[in-house]
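This report concerns only the one structure given below.
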Amino acid sequence: MPADRPRAEPRNPIKQTRLRLLVSYIAVTAAIMALFAVGFYTYVRSTLVERVDDTLDHVVELVERSLVVVPGPDGEPVVDANYVFAGGDDDPTVEMDLIYLEWFDRRGQVVRSTAVFPRPVPLVRGSLHATVEVSPDHKLRQVTVPMRRAGHLLGYLRVSHQWFEVDRPSRQLFIELSAGVVLTMVMIGLGGWFLTELALRPVRESYDRLKQFTADASHELRTPLAALQTNVQVALADPQPSVDEYRRSLEVTERLTRRLGRLVADLLFLARNEGLQSAEGRICCNLTEILQQVVEEQTPLAQAADLAVQLKSGGPLTVTANPDQMHQLFTNLLSNAIRYTPAGGRVCLGTARDGRDALVEVSDTGIGIAPEHLERIFERFWRVDSARTRQAGGSGLGLAIARTIVENHRGEIHALSEPGRGTTLRVRLPGRPDGQERRPASENTPGALPLEG
Ligand SMILES: Nc1ncnc2c1ncn2[C@@H]1O[C@H](COP(=O)(O)OP(=O)(O)O)[C@@H](O)[C@H]1O
Ligand SMILES: [Mg+2]
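Heads up, the sequence shown is in UniProt numbering, so the first residue is 1 and it goes up one at a time.
Here is the structure:
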């Protein structure tokens, strides 16, 4: 694997996105919570005030009913002040310390009172319910009602209620709501931190993969480019090259550019197709025919390496697939088998059907892959022996492309290997969903491929 990976990034866009997401999430939730808390507080407080006002009105009603009216000196009805209310503990309408009653005559002078205010509160004739401040830490809720009989004003009744009945519970509520909002915000913040991590994990992973891919790709491209440059420099350094030398350097140049071209094509394929599951370009194709073509094309290579290649087909095998990609998939597998099998070995392609699925196996009697490497062979640019396979023309992308193709077709690919004895690459491709190509159940031979044994 390439050693020169990008080190610490000055700015991590994922981290920034996470922070921005979290801040906006907390801000929006805090605004909603604050709005809710203010609404709830206002509602409870107004309910408390209403309750106090109701009590005041009730007391007014009681007193009004028990008024004793007598004819005054000039014939008008007047209130017998002795009977307005008794005051003190024996008056059922008065809860001492909480409710005070005051009776004012027509001119607004206090006639009777149960109140013990630090300073007198002047009568305000027009007001019905009002909150008044007696001293900085003492407030009252009051109701002032003019009393009439037969159109004649008798006087004014004022009932006062301690304000702390409203103030104390609302202050308590305020503290509890504030604590609740802060606590909820802390919990939401922690939850958000966890949730944004969860939400951004796939983004972070694909970002890291992309970064790694770019680094690896640049590294892989640099190797043939450097070789190309050296080759050209050496050729240019010779003032009078012979025709042979000239030709040799052109041949090297051609080989290196071809390798570069192949590498770029592979990289482009991966960039365009990884994770792509679109059915574009997929047709009903006969896998056996494609495999025959692949074997035909690779036979000269196998013969040059003194290898026997065999195709054992279990009859026609139809799948809905992209034929070009199927061709590339099995070319990659077969060329690997040829490349990693020493002279005199055998390479075998076998096909079978398992229910609707198509199974293809490419096996060889080659060098094999150690179990600890088996997991990694499908990774991009991963090679058991980088130096050797690069010399052999491998880029380490062949199996990554194979896996991409298989997964895009909703199939599976597995490698089985025994070092020194050989390797088998097993591909399973889902068959036609409409089951057009139905065969008798007895012909379905899951796992028993013709090449095994
Ligand atoms: N049939 C095989 N036998 C032994 N090793 C294999 C075989 N196929 C793949 N490998 C190992 O897996 C690695 C990755 O394969 P691949 O992605 O095709 O890259 P490349 O062939 O370009 O090196 C190879 O470098 C090789 O070490
Ligand atoms: Mg390969």
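In this text, a Cβ means the ideal position worked out from N, Cα and C, and glycines have one as well.
Check, Outcome
"DSSP has Asp354 in a bridge; who is on the other side?", "Asp357"
"So does Gly366 have its beta carbon nearer than 7 Å to some heavy atom of ligand 2?", "no"
"Any idea what DSSP makes of Asp137, helix, strand or coil?", "coil"
"How far does the beta strand (DSSP E) with Arg201 in it extend, from its first residue to its last?", "From DSSP, Arg201 is part of no beta strand (DSSP E) but of the alpha helix (DSSP H) over Phe164 to Ala237."
"Apply the 10 Å Cβ neighbour rule to Leu198 and answer buried if 16 or more other Cβ atoms are within range, or exposed otherwise.", "exposed"
"Short check: CB of Gln422 to CB of Gly366, under 8 Å?", "Here residue 422 turns out to be Gly, not Gln, going by the sequence shown. Going by C-beta atoms, Gly422 is nearer than 8 Å to Gly366."
"For Asn336 and Leu200, what's the separation of their Cα atoms in angstroms?", "37 Å"
"From the DSSP secondary-structure annotation, give me the bridge partner or partners of Arg346.", "Ala308"
"As a quick exercise: from Gln109, His409, Thr196 and Ala308, pick the residue whose alpha carbon is nearest that of Pro120.", "Gln109"
"Which residues does DSSP pair with Glu129 in a beta bridge?", "The residue you asked about is not Glu; residue 129 is His in the sequence shown. DSSP output for His129 lists Val143 as bridge partner(s)."
"Please work out which residues of its chain come closer than 7 Å, Cβ to Cβ, to Phe378, disregarding the five sequence neighbours upstream and downstream, and give them in chain order.", "Leu399, Ala400 and Arg403"
"Nearest to Glu64 by alpha carbon, out of Pro300, Gly315, Arg148 and Val384?", "Arg148"
"Is Val143 near Asp74, with beta carbons less than 8 Å apart?", "no"
"Short check: CB of Ala308 to CB of Arg346, under 8 Å?", "yes"
"Roughly how many angstroms lie between the CA atoms of Tyr25 and Gly180, to the nearest whole one?", "18 Å"
"Quick check on DSSP: helix, strand or coil for residue 526?", "No answer is possible for residue 526: the residues shown for the chain start at 1 and end at 453."
"Does Ile405 pass the burial test, meaning 16 or more other C-beta atoms within 10 Å, or should it be called exposed?", "buried"
"Given 7 Å as the limit, tell me if Arg255 has its C-beta closer than that to any heavy atom belonging to ligand 1.", "no"
"Considering only their Cβ atoms, is the gap separating Tyr41 from Leu177 smaller than 8 Å?", "yes"
"Confirm the yes/no value for this check: CB of Ser417, any heavy atom of ligand 2, distance under 7 Å.", "no"
"From the DSSP output, in three-state form, read off Tyr340 for me.", "coil"
"By Cβ distance, which residues of its chain are closer than 6 Å to Arg11, with the 5 residues on each side in sequence left out?", "none"
"Would you call the segment 302-316 in contact with the segment 272-279, where contact means no fewer than 3 C-beta pairs closer than 8 Å?", "no"
"Need the endpoints of the alpha helix (DSSP H) that Tyr25 sits in, please.", "Pro13 to Arg65"
"Using only CA atoms, which one of Ile283, Leu123, Val79 and His161 lies nearest to Leu48?", "His161"
"Within the present structure, is the beta-carbon of Asn332 separated from the nearest heavy atom of ligand 1 by less than 7 Å?", "yes"
"Could you check how far apart the C-beta atoms of Ala50 and His152 are, in whole angstroms? I think they sit under 8 Å.", "Reading off the sequence, residue 50 comes out as Glu, not Ala. Not quite, the Cβ-Cβ distance comes to about 32 Å (not below 8 Å), so this is no contact."
"Any beta carbon of chain D sitting closer than 8 Å to that of Tyr25?", "Annotation note: the requested chain D is absent from the structure, which comprises a single protein chain."
"Rank Val59, Leu35 and Val362 by C-alpha distance to the C-alpha of Phe330 and give the top, closest one.", "Val362"
"Is any non-hydrogen atom of ligand 2 found closer than 7 Å to the C-beta of Leu399, if you look at the structure I gave you?", "yes"
"Once the 5 residues before and after Ala441 are set aside, which same chain residues still bring their CB inside 7 Å of it?", "Reliability fails at Ala441, whose pLDDT of 38 lies under 50, so the model's placement of it is uncertain and the value that follows must be treated cautiously. For Ala441, where only same-chain residues beyond five positions count, there are no Cβ hits under 7 Å."
"Roughly how far, in whole angstroms, is the beta-carbon of Ala104 from the beta-carbon of Leu128, given that I think they are within contact range, below 8 Å?", "The sequence given here has Phe at residue 104, not Ala. Contact flag wrong, Cβ pair sits at about 15 Å."
"Which residue marks the beginning of the alpha helix (DSSP H) containing Tyr246, and which one marks its end?", "Val243 to Asn273"
"Let's see if you can read the secondary structure: which residues bound the alpha helix (DSSP H) around Val406?", "Gly398 to Asn408"
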